[in-house]
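Reviewing the structure listed below.
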Amino acid sequence: MAVEVRRKIACDCCHQRKVKCIGEGTAPCKRCISAGLACTYNAIPQKKGPKGSRAKVLSELHETQRNAQLAAGFPTDLGFDGRTLSSTFARTPGLMPPALVES
Numbered sequence: 492m493a494v495e496v497r498r499k500i501a502c503d504c505c506h507q508r509k510v511k512c513i514g515e516g517t518a519p520c521k522r523c524i525s526a527g528l529a530c531t532y533n534a535i536p537q538k539k540g541p542k543g544s545r546a547k548v549l550s551e552l553h554e555t556q557r558n559a560q561l562a563a564g565f566p567t568d569l570g571f572d573g574r575t576l577s578s579t580f581a582r583t584p585g586l587m588p589p590a591l592v593e594s
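Be aware that the sequence shown starts at 492, since it is given in the working numbering, and climbs by one per residue.
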């Protein structure tokens, strides 16, 4: 069972003004007739860009940044202040009881 996708294409004037085109295919639409405009259907419909989830885009951005860091010779585990994450999260005396830190 084939499902036909019916695309309604507005005339150039209605498309530009972002209003509903009241017309039939190539016949002049009612809005253009009432406004005294030439009703044309010459504009080529623009294709929409690729759709991707935000997570995918962020993942690709992170990968690109990581590759740039590797190419520049920087460590990949840098924090925002430039210190490596292992030194940032090193044991800090006084925050936890020593018994928990050692285990």
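Backbone N, C-alpha and C define an ideal beta-carbon position, used for all residues, glycine too.
{"query": "In chain order, each alpha helix (DSSP H) run of at least 4 residues that lies wholly inside the segment 500-559", "result": "503-508 and 521-526"}
{"query": "Contact the segment 548-555 vs the segment 523-537: 3+ CB pairs below 8 Å", "result": "no"}
{"query": "Top-ranked residue by Cα proximity to Glu515, from Arg508, Ala501 and His506", "result": "Ala501"}
{"query": "Close beta carbons around Cys520, own chain, < 7 Å, minus the five adjacent residues each side", "result": "Cys502, Cys505, Cys512, Ile513, Gly514 and Cys530"}
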